[in-house]
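Below: one structure, written as structure tokens.
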Amino acid sequence: MKRAVVIAGLAILAGVMVYAVLQMPKLGDAGAPDKTYMVPRYISRGLQEAGNRSIPNDVFLNYRAFDTMGGVIGLFAAFCAAMIVLGRSAPGRSQAGPDASPVKTSVMLRTISRVLIPLTIMFAAYVSLMGVNSLGYSLQSGTLVTGVIILLTLVFSLLEISRRMLPRAQVVLESAGIGLFLLVGLLAIFFGSSFLTLSLPGFAGRGLQVERAVLMYILDISIGASLAGIVISVIFSLMREVEIDR
Amino acid sequence: MTADKLVANINYAVAALLLVIGLYAVIIKGSVIKKVMGLIIMNSGTFLFLVGLGLIGSGEKRVVTPGFRAATLINPVPHALVLVGIMLSTGITILALSLVVRQARRSEPGTGVTNRSEAKGGDEQ
Numbered sequence: 437m438k439r440a441v442v443i444a445g446l447a448i449l450a451g452v453m454v455y456a457v458l459q460m461p462k463l464g465d466a467g468a469p470d471k472t473y474m475v476p477r478y479i480s481r482g483l484q485e486a487g488n489r490s491i492p493n494d495v496f497l498n499y500r501a502f503d504t505m506g507g508v509i510g511l512f513a514a515f516c517a518a519m520i521v522l523g524r525s526a527p528g529r530s531q532a533g534p535d536a537s538p539v540k541t542s543v544m545l546r547t548i549s550r551v552l553i554p555l556t557i558m559f560a561a562y563v564s565l566m567g568v569n570s571l572g573y574s575l576q577s578g579t580l581v582t583g584v585i586i587l588l589t590l591v592f593s594l595l596e597i598s599r600r601m602l603p604r605a606q607v608v609l610e611s612a613g614i615g616l617f618l619l620v621g622l623l624a625i626f627f628g629s630s631f632l633t634l635s636l637p638g639f640a641g642r643g644l645q646v647e648r649a650v651l652m653y654i655l656d657i658s659i660g661a662s663l664a665g666i667v668i669s670v671i672f673s674l675m676r677e678v679e680i681d682r
Numbered sequence: 855m856t857a858d859k860l861v862a863n864i865n866y867a868v869a870a871l872l873l874v875i876g877l878y879a880v881i882i883k884g885s886v887i888k889k890v891m892g893l894i895i896m897n898s899g900t901f902l903f904l905v906g907l908g909l910i911g912s913g914e915k916r917v918v919t920p921g922f923r924a925a926t927l928i929n930p931v932p933h934a935l936v937l938v939g940i941m942l943s944t945g946i947t948i949l950a951l952s953l954v955v956r957q958a959r960r961s962e963p964g965t966g967v968t969n970r971s972e973a974k975g976g977d978e979q
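Note that the protein sequences, when read in sequence, are chains A and B.
With our numbering as the guide, the letters of the first sequence map in order to residues 437 to 682.
With our numbering as the guide, the letters of the second sequence map in order to residues 855 to 979.
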């Protein structure tokens, strides 16, 4: 009965949404109202003003850098709340439930992961290094690194992998996003401009291009690194079931 | 004409469908983990909708290359918004799952984080 009522309600909601979709401009319509104001300016002057060939990266890291900073701060705040609720897993002393199983992981799984993981990390580095000026974001490379660590933790044990993760490196990674954003923002103030301005006064021509590219790259890497650090720490805390006292 | 418009705007319709599926999971499913999965599905639907808004033409170009025509580049703003949204939805998922796990550890006896002293050879508290 409840299910029928819910399905009926959701069908009405879906109908309303589909009706709204039919009123919208066609997909890909260049004359739609949301594309006629700021967007032509971003596209035509993005390369000169922000210095990046990839226009979405210009918008993400330069024109709308405050939104990005807000996102990083929100992610860090959620991570802090999760750590308060769960508690950090002690490195090298935390065991997950499956670790205690006497059955060892399959040889195929271990061999394939040994082959795949270096390739994945290389791909993550490529996406991060090449992506800023091209078709990539550092966020995706952070996700790839997180996936690698999760695969390692599942195939080998949480005890082994958490032992190899340096706690200080984890802390640095977790706070990299928010820390580097604040540092770059304050650097702009130090140079006499407003917070988080990437085109610093006092640089011109080739120097300005290099400086803008370096700052944009620092911001991009920090987002990926912080996402990786945060999700890895949370995964370790979620998986931990036994703590071994030494 | 309605069918043509629906097929042309299929991205938005699928986004609406994902939202409805996610909402169904949140309301109907008993397990809290599945409710959280429903929230994640709703996030995906929202992101699909936003990214679909950014399409211009056939969406083949995103990067400025020599000799580009401005009219062929896609709208970059939804991409930036979706990336921020992905970060925040990751944060929400992290918090939701940590609360779920904490509640599960508290409510089921013997499933909390147990301390085992190695020196004593496996005593559990």
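The C-beta atom is built at its ideal place from N, Cα and C for all residues, glycine as well.
Uninterrupted alpha helix (DSSP H) stretches inside the stretch 571-625 of chain A (no shorter than 4 residues): 574-591, 594-600
Cβ-based burial, residue 610 of chain A [other Cβ within 10 Å; buried from 16]: Sequence index remark: in the first sequence, residue 610 of chain A carries index 174 (1-based). That one is buried.
Chain-order list of residues whose beta-carbon lies under 6 Å from that of residue 670 of chain A (same chain, five-residue window excluded): Position 234 of the first sequence, counted from the first residue, corresponds to residue 670 of chain A. Excluding residues within five positions, the ones whose Cβ falls inside 6 Å are 518.
Span of the alpha helix (DSSP H) around residue 952 of chain B: The residue given as residue 952 of chain B occupies position 98 in the second sequence. From DSSP, the alpha helix (DSSP H) with residue 952 of chain B extends over 931-961.
Beta-carbon proximity of residue 460 of chain A to residue 863 of chain B, cut-off 8 Å: As a position in the first sequence, residue 460 of chain A is number 24, starting the count at 1. As a position in the second sequence, residue 863 of chain B is number 9, starting the count at 1. Yes, Cβ-Cβ distance for residue 460 of chain A and residue 863 of chain B is below 8 Å.
Where residue 524 of chain A sits in the DSSP three-state scheme: The count along the first sequence starts at 1 and reaches residue 524 of chain A at position 88. Correct three-state label for residue 524 of chain A: coil.
For residue 464 of chain A, the residue or residues it bridges with in DSSP: Residue 464 of chain A sits at position 28 when you count from the first residue of the first sequence. DSSP output for residue 464 of chain A lists B:910 as bridge partner(s).
Contact belief for residue 491 of chain A with residue 927 of chain B at Cβ below 8 Å, rounded distance in angstroms: Against the first sequence, residue 491 of chain A aligns to sequence position 55. Against the second sequence, residue 927 of chain B aligns to sequence position 73. Residue 491 of chain A to residue 927 of chain B, Cβ: 6 Å. Contact.
Per-residue DSSP class, three states only, for residue 636 of chain A: Working through the first sequence from its first residue, we reach residue 636 of chain A at position 200. Residue 636 of chain A: coil per DSSP, three-state reduction.
Among A:581, A:653, A:462, A:499, nearest to residue 479 of chain A - alpha-carbon criterion: Position 43 of the first sequence, counted from the first residue, corresponds to residue 479 of chain A. Checked all of A:581, A:653, A:462, A:499; the closest Cα to residue 479 of chain A is A:499.
C-beta atoms of residue 811 of chain B and residue 879 of chain B nearer than 8 Å: Past the boundaries of the shown model lies residue 811 of chain B; chain B is included only from 855 to 979, so the question cannot be answered.
Cutoff 8 Å: residue 900 of chain B Cβ touching any chain A Cβ: Taking the first residue of the second sequence as position 1, residue 900 of chain B is located at position 46. Output row for residue 900 of chain B: interface = no.
Within 8 Å, strictly: CB atoms of residue 659 of chain A and residue 598 of chain A: As a working note, residue 659 of chain A is residue 223 in the first sequence. As a working note, residue 598 of chain A is residue 162 in the first sequence. No, they are not a contact pair.
As assigned by DSSP and simplified to three states, the class of residue 646 of chain A: Residue numbering aside, residue 646 of chain A sits at position 210 when the first sequence is read from its first letter. DSSP places residue 646 of chain A in helix when its eight states are reduced to three.
Neighbour list for residue 893 of chain B in chain A, Cβ cutoff strictly below 8 Å: Locating residue 893 of chain B in the second sequence gives position 39, counting from the first residue. Per Cβ cutoff of 8 Å: no residues; residue 893 of chain B is ~13 Å from chain A at best.
Same chain, Cβ closer than 6 Å to residue 974 of chain B, five either side skipped, listed in chain order: One-based indexing of the second sequence puts residue 974 of chain B at position 120. Caution applies to residue 974 of chain B, whose pLDDT of 41 falls short of 50 and renders its modelled position unreliable; the model cannot decide the point.
Span of the beta strand (DSSP E), counted from its first residue to its last, around residue 532 of chain A: Position 96 of the first sequence, counted from the first residue, corresponds to residue 532 of chain A. Unbroken beta strand (DSSP E) run through residue 532 of chain A: 530-532.
Identity of the residue in A:649, A:579, A:540, A:617 nearest residue 592 of chain A by Cα: Working through the first sequence from its first residue, we reach residue 592 of chain A at position 156. Ranking the options by Cα distance to residue 592 of chain A, first place goes to A:540.
Within chain B, partners of residue 593 of chain A - CB distance below 9 Å: Along the first sequence, read from residue 1 onward, the residue named residue 593 of chain A stands at position 157. In chain order: nothing, as chain B lies at least about 15 Å away.
Extent of the continuous alpha helix (DSSP H) run through residue 875 of chain B: For the purposes of this step, residue 875 of chain B is taken as the residue at position 21 of the second sequence. Element bounds for residue 875 of chain B: 864-882.
Straight-line Cα distance separating residue 608 of chain A from residue 507 of chain A: Counted from its first residue, the first sequence places residue 507 of chain A at position 71. Counted from its first residue, the first sequence places residue 608 of chain A at position 172. C-alpha separation (whole angstroms): 18 Å.
Validate contact between the stretch 629-636 of chain A and the stretch 578-592 of chain A using beta carbons, cut 8 Å, 3 pairs: no
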